[in-house]
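Residue numbers (the working numbering), protein chains in the order written: chain A, 1 to 220; chain B, 1 to 220. Comments concern the structure below.
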DNA sequence: CGTTGTTGTTTGTGATCACAGACTACAGAC
DNA sequence: GTCTGTAGTCTGTGATCACAAACAACAACG
């Protein structure tokens with residue numbers, strides 16, 4: 001148990017969270033090899049819970065099984081673009097549902113998150129988390145665990161590539177402006193405007209990610 | 001090994017397919033309990049591959065983990081309706097992509113499937129498979145493994161409840177008529193018409209499933 | 001020098017064992 | 001009669017061992 005303690009719930013679930021986090025934060029790069037032993041040793045557990053975690057990650061599409069090797073899933077440009085399109089449709093559906101059900105308390109919460117987001121352009125990791133919270137908090141209002149689950153699944157698929165995107169601070173400012181516009185549409189209950197803004201927001205993000213992806217040849 | 005042989009690939013994957021099939025065909029009812037031992041004994045394997053299969057099924061949302069028990073996921077009416085909406089958005093996206101890329105060979109294949117579908121209104125199980133093939137064959141043309149994967153995930157979530165729907169032969173005939181209309185739109189490359197027909201098709205199906213669901217109180 | 005056969009190591013897979021937590025049921029006390 | 005405490009069993013979890021397939025390195029042969 002050198003790297004860190006693992007305590008409650010189930011080891012398998014904890015390993016899942018850890019490895020998933022390593023992948024989505026870019027700590028484990030797409031295409032990189034994974035072995036049961038290395039993860040098990042790093043986390044100080046046996047290989048059994050690691051295997052369970054890998055199965056979950058496999059179903060999430062975050063890892064790929066080869067004949068005898070497990071690797072972090074690597075996406076082509078075409079796949080990333082597809083995933084952003086899928087994400088757009090799902091988020092538009094969530095926006096549609098959420099805008100009908102959202103309360104003023106929800107609006108206040110979201111505005112608070114937005115303020116924090118503005119204040120966090122300096123802190124990469126914090127901004128990333130808050131960005132997630134902002135979107136999640138709004139889509140939570142759609143009141144569909146399944147839709148949220150699907151959105152988060154797509155999200156985590158492209159997240160490893162977002163880490164690259166998130167390295168530039170200019171992107172943060174641009175995104176914050178767009179977030180603020182989206183928020184105004186939410187507050188005004190203007191679904192049409194929100195759908196357009198969401199589409200725009202994702203297009204811009206996708207374009208950034210893809211351009212970064214083209215710059216450094218993927219290791220797949 | 002009383003029930004059947006398990007041979008190639010990996011036991012875990014095979015168990016996954018078997019249990020998944022049992023769930024989606026309605027052989028294992030929503031809400032029903034699952035135990036590692038019972039499945040392991042039934043398939044003549046140890047519990048290890050069953051655990052891996054359960055993890056996959058968990059990520060698919062087909063089984064739920066309780067404190068100490070595993071059960072087949074049971075959906076509320078609201079959840080079923082949500083899932084059909086999600087499915088609609090995804091299938092509309094797939095239709096949009098597919099209609100641009102579909103070739104005349106694809107069209108011929110699909111028409112063939114449609115003919116077989118017409119001839120299979122008597123055979124419940126065969127019709128179910130062909131229905132899947134029909135939709136899948138078209139959405140394959142969208143050329144996005146991810147989108148197809150998501151569609152199939154939603155599909156398998158609601159499939160246990162489709163088994164009930166599929167018990168009535170009238171539904172088959174109505175569905176076949178709708179399939180034929182959708183096919184004509186595909187052949188004519190008429191996206192707008194196809195989107196409307198798809199929406200209608202899913203609405204009708206959803207309504208049938210929900211009405212059946214309301215009739216017999218779910219055992220969750 | 002290139003190719004092929006062989007050996008040794010690595011790695012995922014499946015089975016088995018030990019364990020802890022939770023549900024069941026039976027028995028005793030009020 | 002009802003409630004409660006306790007023993008027993010069931011079930012998922014984690015660790016460990018045995019195994020087979022595949023990749024890598026090296027040596028032998030053409």
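Glycine included, each C-beta is placed from N, C-alpha and C at the ideal position. All values derive from a computational prediction rather than experimental measurement.
ask   = Can you tell me whether residue 158/A is buried or exposed, with buried defined as 16 or more other CB within 10 angstroms of its CB?
value = As a first step, residue 158/A must be located in the first chain, where it is residue number 158. Counting Cβ neighbours within 10 Å, residue 158/A comes out buried, since at least 16 surround it.
Residue from 95/B, 103/B, 92/B, 35/B whose Cα sits closest to the Cα of residue 67/B = For the purposes of this step, residue 67/B is identified with residue 67 of the second chain, where counting begins at 1. Of 95/B, 103/B, 92/B, 35/B, the residue nearest in Cα terms is 35/B.
task = Determine the DSSP secondary structure at residue 132/A, reduced to helix, strand or coil.
result = Reading the first chain from its first residue, position 132 is the one you call residue 132/A. It is helical.
request  = Output, in chain order, the set of chain B residues within a Cβ distance shorter than 9 angstroms of residue 90/A.
outcome  = Stepping through the first chain from its first residue, residue 90/A is reached at position 90. Going along chain B in sequence order, the residues near residue 90/A (Cβ under 9 angstroms) are 86, 89, 90, 150.
task = On the DSSP bridge assignment, give the partners of residue 34/B in chain order.
result = As a working mapping, residue 34/B is identified with position 34 in the second chain. Paired residue(s): 70/B.
query = For residue 63/B, which of helix, strand or coil comes out of DSSP?
reply = Within the second chain, residue 63/B is the residue found at index 63, counting from 1. Three-state result, residue 63/B: strand.
ask   = Going along chain B in order, which residues have a C-beta closer than 8 angstroms to the C-beta of residue 74/A?
value = Along the first chain, read from residue 1 onward, the residue named residue 74/A stands at position 74. Per Cβ cutoff of 8 angstroms: no residues; residue 74/A is ~13 angstroms from chain B at best.
ask   = Listed in chain order, which residues of the segment 44-58 of chain B have Cβ atoms closer than 8 angstroms to some Cβ of chain A?
value = 51, 52, 55, 56, 58
query = Are residue 138/B and residue 110/B touching if we call contact CB-CB under 8 angstroms?
reply = Within the second chain, numbered from 1, the residue matching residue 138/B stands at position 138. Within the second chain, numbered from 1, the residue matching residue 110/B stands at position 110. In this structure, residue 110/B lies closer than 8 angstroms to residue 138/B by Cβ.
query = Thinking just about the alpha-carbon of each residue, which of 180/A, 120/A, 135/A, 106/A is nearest to the one in residue 149/A?
reply = The residue given as residue 149/A occupies position 149 in the first chain. Minimum Cα distance to residue 149/A is reached at 135/A.
ask   = Does residue 146/A have its Cβ less than 8 angstroms from a Cβ in chain B?
value = Looking up residue 146/A in the first chain gives position 146. It does: the Cβ of residue 146/A has a partner Cβ on chain B nearer than 8 angstroms.
request  = Compile a chain-ordered list of the residues in the segment 190-212 of chain A whose CB is closer than 9 angstroms to at least one CB of chain B.
outcome  = none
query = To which residues of the same chain is residue 183/A closer than 7 angstroms at the C-beta, ignoring the five residues directly before and after it?
reply = What you label residue 183/A is simply residue 183 of the first chain in a count that begins at 1. So the list reads 110, 111, 114, once near-sequence residues are dropped.
ask   = In angstroms, rounded to a whole number, what distance separates the CA positions of residue 69/B and residue 32/A?
value = Locating residue 69/B in the second chain gives position 69, counting from the first residue. Locating residue 32/A in the first chain gives position 32, counting from the first residue. Straight-line Cα distance between these residues: approximately 35 angstroms.
ask   = DSSP state of residue 44/B, grouped into three classes?
value = In the second chain, the residue the question calls residue 44/B occupies position 44. Looking at residue 44/B - three-state DSSP - the assignment turns out to be coil, as it is neither helix nor strand.
Other residues of its chain near residue 5/A: CB distance less than 6 angstroms, five sequence neighbours each side excluded = Taking the first residue of the first chain as position 1, residue 5/A is located at position 5. Residue confidence is low: residue 5/A scores 39 on pLDDT, short of 50, so the model does not pin down where it sits. Its coordinate-derived value is still stated next. Same-chain partners within the cutoff: there are none.
request  = Indicate the three-state DSSP secondary structure (helix, strand or coil) for residue 12/A in the structure shown.
outcome  = The sequence position of residue 12/A within the first chain is 12, counting from 1. Looking at residue 12/A - three-state DSSP - the assignment turns out to be helix.
ask   = residue 25/A lies in the alpha helix (DSSP H); which residues open and close that run?
value = On the first chain, residue 25/A is found 25 positions in, with the first residue counted as 1. Taken as a continuous stretch (DSSP letters only), residue 25/A belongs to no alpha helix (DSSP H), as it is neither H nor E.
inquiry  = Taking the beta carbon of residue 2/A as the centre, do at least 16 other beta carbons fall within 10 Å, making it buried, or is it exposed?
reply    = The residue labelled residue 2/A in the question sits at position 2 within the first chain. Because the pLDDT of residue 2/A is 37, which lies under 50, any placement of that residue in the model is unreliable, and the number read from its coordinates should be weighed accordingly. Classification for residue 2/A: exposed.
inquiry  = Less than 8 angstroms between the beta carbons of residue 40/A and residue 19/A, yes or no?
reply    = Indexing the first chain from 1 puts residue 40/A at position 40. Indexing the first chain from 1 puts residue 19/A at position 19. Contact flag unset, no.
request  = Just the C-alpha distance for residue 196/B and residue 83/B, rounded to the nearest angstrom, thanks.
outcome  = As a first step, residue 196/B must be located in the second chain, where it is residue number 196. As a first step, residue 83/B must be located in the second chain, where it is residue number 83. About 18 angstroms.
key: Beta-carbon spacing of residue 186/A, residue 129/A below 8 angstroms   = Locating residue 186/A in the first chain gives position 186, where the first residue counts as 1. Locating residue 129/A in the first chain gives position 129, where the first residue counts as 1. Going by C-beta atoms, residue 186/A is not nearer than 8 angstroms to residue 129/A.
task = Note down the Cα distance separating residue 213/B from residue 71/A, rounded to an integer number of angstroms.
result = For this step, residue 213/B is matched to residue 213 along the second chain. For this step, residue 71/A is matched to residue 71 along the first chain. Cα to Cα, the separation comes out at about 42 angstroms.
message = Using a Cβ-Cβ distance cut-off of 8 angstroms, determine whether residue 93/A contacts chain B.
response = Within the first chain, the letter at position 93 stands for residue 93/A. At least one chain B Cβ lies under 8 angstroms of residue 93/A.
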